[in-house]
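S.K.:
In structure tokens form, the structure reads like this:
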């Protein structure tokens, strides 16, 4: 977790990526807002105001490792901002929100989602336009 320069807001970025699509989004967001993205293998160890949670759809749902990460959060989180990519399903928001609420965590109503490449579907995504949209989205959250 890092402080965004010039702000007192505590921001963290965690992500889970099997194919690298969500990792691209997390890295771009992190660079744009000055926060180092980390995989969900690294638990939160301090309270945060905003947690950008990068994830994707695997087998028509949020991965069990992401669900486990949420269950293991034992610090205060102001709100979770969902960032996702998927080849077929429109968003992981509803699934992540359901899991977060089970754990007593608050989800921000805003989210970013784009297509992700999977085998021959949506080749090249997330592309430069997707990355730019993710960056602009994240900047709008931390303003």
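In this note's numbering, the protein residues as written are 225 to 367. Cβ coordinates follow ideal geometry from the N, Cα and C atoms, glycine included.
1. Given this structure, state the Cα-to-Cα distance separating residue 287 from residue 367, to the nearest angstrom.
2. Just confirm the distance between the C-beta atoms of residue 306 and residue 320, as a whole number of angstroms; I'd bet it's less than 8 Å.
3. Starting from residue 264, trace the alpha helix (DSSP H) in both directions and tell me its first and last residue.
4. Using the C-alpha atoms, what's the distance from residue 330 back to residue 273?
5. What do you get for residue 271, buried or exposed, if any count of 16 or more other CB atoms within 10 angstroms of its CB means buried?
6. For a minimum of 4 consecutive residues, which ranges assigned as the alpha helix (DSSP H) are wholly contained in the segment 277-337?
7. Indicate whether residue 247 and residue 261 have their beta-carbon atoms separated by less than 9 Å.
8. Which of the three DSSP states is assigned to residue 242 in this structure?
9. Just how far apart, CA to CA, sit residue 253 and residue 290?
10. Can you have a look at residue 278 and say buried or exposed, based on whether 16 or more other CB atoms are within 10 angstroms of its CB?
11. Sort 350, 358, 365, 239 by Cα distance to residue 303 and report the nearest one.
M.R.: Based on what the coordinates show:
1. 30 Å
2. 5 Å
3. Taken as a continuous stretch (DSSP letters only), residue 264 belongs to no alpha helix (DSSP H), as it is neither H nor E.
4. 11 Å
5. exposed
6. 288-295, 317-326
7. yes
8. coil
9. 19 Å
10. buried
11. 365
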